[in-house]
Amino acid sequence: MTDKLLTKRRFKDGDHAHRPWQEEIFTADASHKCPTYVHRTPPCQGSCPSGEDIRGWLNIARGIEKAPGDMPWQEYAFSRVTDANPFPAIMGRVCPAPCEDGCNRNEVEDHVGINAVEQFIGDYALEHKLGLPAAAAESGKKVAIVGSGVAGLACAYHLRRKGHACTIIEAHEELGGMMRYGIPGYRVPREVLDGEIQRILDLGVEVRTNTKVGADVTLEELQKEFDAVFIGLGAQSGSALPVPGGDAPNCITGVSFLQAFNDGRLKHTSERVLVIGGGDTSMDVAAVARRLGHIKHKREHDRPENIILGHAAHDAATVAHRQGADVTLISWESLENMPATKTEVEHTSGEGVKITGSLLPVNVILDDEGRATGLRVIEVDWSSGKSEKIEGTERDIECDLIVAAIGQTGDLSGFEGLDNGRGLIDADGFYRVKEHPDLFVGGDITKPHLLTTAIGQASIAAAGIDLFLSGADMKKRPKVDVHHFSLLHKLRETEHAPGAYDHVQTRGTDHADFAIHNYEDRSGVEIVPSDELFLAHFKYEDRHIRKEHDITPDSVLGSFGERIQG
């Protein structure tokens, strides 16, 4: 026996009687009818915002489903992953993996290491220079993609697979959106990002960089030039701290802090940095601040806020004089309920950031020059299920720089008529902008969420654009809206495609080659719950956990290499 949590045992110690054969294995009846395989969506896939066929490519990795011919299994798995997601190497690194939360193996011992396998497949594809599926025959239709973040790039990818010409309109000099300008390079290595973007461009996607809608071109001009427009602006405007004194010059947003760092302009920060947030962006800000450190004797124009606001750039020579920065992160939520990914919280704390939950900002403390010297906070109590201030618990936290990572909105300059009043754009189930049949939208500009969510939305939007361009009706999307395994596609791939139907009424058949026998597809409407899956008789196996560099409070300064070893 082992002390580890075992998988489910059909018979427990002390059992002396056989149980009915149907019990705890599958739902069965005593009918004379032939058994039917009912295809339903597995819980991991049902939890994946990108809708990847996770069970499919894991079965390929396990050798259960074989690659055709002499194709390596890694290449076959890559083709299955990229049916939904063209960024497996990136998502395998940074996605918080809601699929692992949905994994049915959680019910028996531990989830499958889905993220690690996805990263392996993505890295293999980059190393072996695997391309994406070739574009379909040209449709003659043109689509403008505004924004080159994950949503815009994913939409361009799916549209090229359908044969539509795509042109990306990007305000920045380089493509990638928040993957480049928001997420630090030690989480998304730039060579990985560039490689996965280039594969999409290789499908024939055109690019216009340094082109901002509203300044260099209008939305109306794009609508005249193109048959449809996809808006993937992202939410690249941070929310300011909404308390008295929050407009002090050294009170900045997390988005602007990270952009200045990723631009290469910000080389060091202040000695005492206070980060306000609780999500992954706040963790990135705090971790970057620890890596940057501070310098003792900086000139006025070298103050971090001046660099961040775009007034200057740090001299690279100053890096040699950096010392460690004291970084504190506070969250309105309790530590247990912070929205940040658990692993990011653990990493950030382990690198020397002091994290405190259940603190609410009251006001910024200012000096005679109007600069922030601290933040007054008050403790909150969550025992009732909602936050309640605890009177008499106010205290001051001294700091030299305050970074608010408390939310994001979009910059809708040039799209003012689409603003829903919250700095975002509303859409229907196909991600078409209401009352604008040729405009589609996806990603954070609809509601800030995960990168994987933006990929899923872009796929649905691309399907909607395809229907719009062909003049087809936009019927209701499936209840379970993911990239389902297609038995018919698999039969065709293995040269077992059904024959042509002769349109003669057939009451029943066990031999006609036009029929797929004993198979019912409910994957579009049902996710199979784990308690209806056969989970017994698995041998316990430790989950493979990726190795990571051990970054300590003493070694974090200047540690900009990739955290994951593999």
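Residue numbers (the numbering used here): 25 to 590.
Ideal Cβ positions, reconstructed from N, Cα and C, are used throughout, including at glycine.
Quantities reported herein were computed from a predicted structural model and do not represent experimental measurements.
The region 139 to 154 and the region 197 to 214 do not touch, with fewer than three beta-carbon pairs separated by less than 8 Å.
Within the same chain, Cβ atoms closer than 7 Å to the Cβ of Ala252 are found at Val167, Asp462, Phe464, Ile489, Phe492 and Leu493, the five residues on either side in sequence being excluded.
Under the three-state reduction of DSSP output, Pro385 falls in the strand class. Annotation for Val231: Ile192 place their beta carbon closer than 6 Å to its own, counting only its chain and skipping 5 residues before and after. For Leu515, the enclosing alpha helix (DSSP H) begins and ends at Leu511 to Glu517. For Ala428, the enclosing beta strand (DSSP E) has its first and last residue at Leu425 to Ala428. Beta-bridge analysis with DSSP links Val528 to no other residue. DSSP lists Val457 as the bridge partner or partners of Ala451. Taking the Cβ atoms as the reference, Arg296 lies roughly 23 Å from Ala337, outside the contact range of under 8 Å. For Pro577, the closest alpha carbon among the candidates Pro96, Thr372 and Tyr148 is that of Thr372. Secondary structure of Ile569 (DSSP, three-state): coil. Asn274 is classed as buried because its beta carbon has at least 16 other beta carbons within 10 Å across all chains shown. Shown here for Glu418: same chain residues with a beta carbon closer than 8 Å to its own, the five before and five after excluded, namely Val386, Arg400, Val401 and Ile402 in chain order.
In the displayed model, Ser261 falls within a strand according to three-state DSSP. DSSP places His63 within a strand segment (E or B) once states are collapsed to three. Around Ser71, the same chain offers Pro122, Cys123, Asp125 and Gly126 as residues with beta carbons nearer than 7 Å, after the five sequence neighbours per side are excluded. Contact fails between the region 435 to 446 and the region 148 to 165, because fewer than three Cβ pairs, one in each stretch, are under 8 Å apart. Distance between Phe584 and Glu544, taken at the CA atoms: about 51 Å.
In summary, Met95 is exposed, with fewer than 16 beta-carbon neighbours lying within 10 Å of its beta-carbon over all protein chains present. According to DSSP, residue pairing for Gln347 in a beta bridge involves His318. Check the Cα spacing between Ser407 and each of Glu357, Gly176, Glu422 and Gln283: the tightest is with Glu357. Here the region 338 to 358 does not lie against the region 527 to 541, with fewer than 3 beta-carbon pairs under 8 Å apart.
For Arg185, same chain residues with a beta-carbon under 7 Å away, outside a window of 5 residues either side, are Pro157, Ala159 and Ala160 in chain order. Assignment of Tyr564 by DSSP, reduced to helix, strand and coil, places it in the coil class. Within the DSSP bridge table, the entry for Phe254 names Ile169 and Phe464 as partners.
Around the CB of Pro110, 16 or more other CB atoms lie within 10 Å, so the residue is classed as buried.
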